[in-house]
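Accompanying notes for the structure given below.
Residue numbers (this note's numbering), protein chains in the order written: chain A, 1 to 111; chain B, 112 to 313.
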């Protein structure tokens with residue numbers, strides 16, 4: 001399905017914060033996770049992800065370190081800073097409230 | 112061109128257009144994107160698929176440009192200021208060495224014109240032509256030297272002032288040396304500024 005880009009604006013930051021809330025990840029891993037968990041509904045683009053990661057790193061929300069992955073190859077892992085953890089928590093709660101409200105509105109329209 | 116070379120060329124293209132002021136950040140991004148390409152190629156099986164997923168280099172670079180816009184503008188202003196300062200000091204030094212204080216205004220003006228011309232060239236044309244190879248850089252400096260020498264020879268000939276090929280080459284050499292030292296100073300200011308900004312980041 002093709003989505004209106006406006007729907008997705010602002011979701012990239014929430015996705016990144018949500019992934020990193022769980023555990024440290026590297027860029028490629030985030031793309032795969034977004035695709036897998038959304039059953040390929042979300043296909044996060046590299047050209048969107050990496051600038052967003054840089055922006056969040058500069059804003060002090062995430063921190064990056066190079067270390068070896070489980071496969072033994074060096075990867076740039078991102079983790080949340082305390083500020084990022086607070087932001088992730090807040091965004092997740094906001095997102096849940098918005099989706100519940102939207103669902104209630106959409107379901108109400110069909111009654 | 113081999114597949115890894117094509118991926119590397121794409122990354123270089125993005126980096127060249129992205130206006131990331133800090134060399135360390137550019138290196139870091141280069142490493143991260145190349146690692147990403149290796150992963151994608153391993154999974155998708157070809158570099159074409161990986162490049163198609165990445166999208167247009169111009170679009171990606173412009174997104175990075177938004178991230179670094181403020182820092183790049185400050186670094187650019189700093190580079191121009193540093194270039195102007197050093198060029199004016201160099202012009203004054205040449206004045207004193209030659210014992211020609213009457214030429215002060217002209218030399219200072221020339222130095223400023225070179226720096227501003229260099230900045231303008233870099234902004235309007237340089238980024239589009241930028242190649243990462245040493246040979247390409249040397250070629251551009253040689254072209255600048257020959258172009259300036261031809262200009263000096265032509266303008267003096269037009270004005271009826273005997274200069275000669277050697278004289279034109281000497282003047283061009285001096286101008287190119289000033290421009291090259293300005294470029295080196297700008298690059299050093301770029302690195303210093305990038306390090307300073309990074310040190311103060313969270």
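No residue lacks a Cβ here, since even glycine has one placed at the ideal position from N, Cα and C.
Short of 7 Å from the beta carbon of residue 154 of chain B, and not among the five residues preceding or following it, lies no beta carbon of its own chain.
Chain order gives the chain B residues near residue 27 of chain A as 143, 147, where near means a beta carbon separation below 8 Å.
Across the structure, residue 38 of chain A and residue 105 of chain A are spaced so that their CA atoms are roughly 23 Å apart. For chain A, the residues of the stretch 156-169 of chain B that bring a beta carbon within less than 7 Å of one of its beta carbons are 164, 165, 166, in chain order. DSSP lists no bridge partner for residue 174 of chain B. Taking C-alpha positions only, residue 129 of chain B is separated from residue 22 of chain A by approximately 31 Å. Cβ atoms of residue 79 of chain A and residue 60 of chain A stay farther apart than 8 Å, at about 12 Å. Residue 55 of chain A reaches chain B at 178, counting residues in chain order whose Cβ is nearer than 7 Å.
Approximately 16 Å separates the beta-carbon atoms of residue 13 of chain A and residue 64 of chain A; this is outside 8 Å, ruling out the contact.
Under the Cβ distance rule, residue 150 of chain B counts among the residues neighbouring chain A, one pair being separated by less than 8 Å. Apart from sequence neighbours up to five positions away, no residue of its chain approaches residue 275 of chain B with a beta-carbon distance below 7 Å.
If you check the CB distance, residue 194 of chain B and residue 296 of chain B come in under 8 Å. Around residue 171 of chain B, the beta-carbon contacts reaching into chain A at under 8 Å are 46, 47, 50, 51.
The three-state secondary structure of residue 129 of chain B, taken from DSSP, is coil. Cβ proximity to chain A below 7 Å picks out nothing from the stretch 118-138 of chain B. Taking 9 Å as the upper bound on Cβ-Cβ separation, chain B lies near residues 73, 74, 75, 76, 81, 83 of the stretch 69-95 of chain A.
Here the C-alpha atom of residue 197 of chain B lies approximately 24 Å from the C-alpha atom of residue 181 of chain B. Pairing residue 44 of chain A with residue 88 of chain A gives a Cβ-Cβ distance that is not under 8 Å. Chain B has no Cβ within less than 8 Å of the Cβ of residue 67 of chain A. Collapsing the DSSP output to three states places residue 153 of chain B in a helix. From the beta-carbon of residue 175 of chain B, the residues of chain A found nearer than 8 Å are 50, 51, 54. With fewer than 16 other Cβ atoms from the protein chains shown falling within 10 Å of its own Cβ, residue 116 of chain B counts as exposed. Put simply, of B:159, B:146, B:177, B:171 the residue whose alpha carbon is nearest the alpha carbon of residue 74 of chain A is B:146.
Residue pairing by DSSP places residue 68 of chain A opposite A:74 in a beta bridge. Taking a cut-off of 8 Å for Cβ pairs, the stretch 28-37 of chain A and the stretch 93-107 of chain A do not touch, as fewer than three such pairs fall below it. Only residues of its own chain outside the window of five on either side were considered, and among them 14, 17 have a CB closer than 6 Å to the CB of residue 91 of chain A, listed in chain order. Distance from the CA atom of residue 230 of chain B to the CA atom of residue 279 of chain B, rounded to whole angstroms, is 24 Å.
The beta carbon of residue 283 of chain B sits closer than 7 Å to the beta carbons of 256, 259, 260, 263 from its chain, once the five residues preceding and following it are set aside; these are given in chain order. When rounded, the separation of the alpha-carbon atoms in residue 285 of chain B and residue 42 of chain A is 58 Å. Taking all protein chains shown into account, residue 126 of chain B has 16 or more neighbouring C-beta atoms within 10 Å of its C-beta and is therefore buried. When only Cα atoms are considered, residue 138 of chain B and residue 273 of chain B end up about 50 Å apart.
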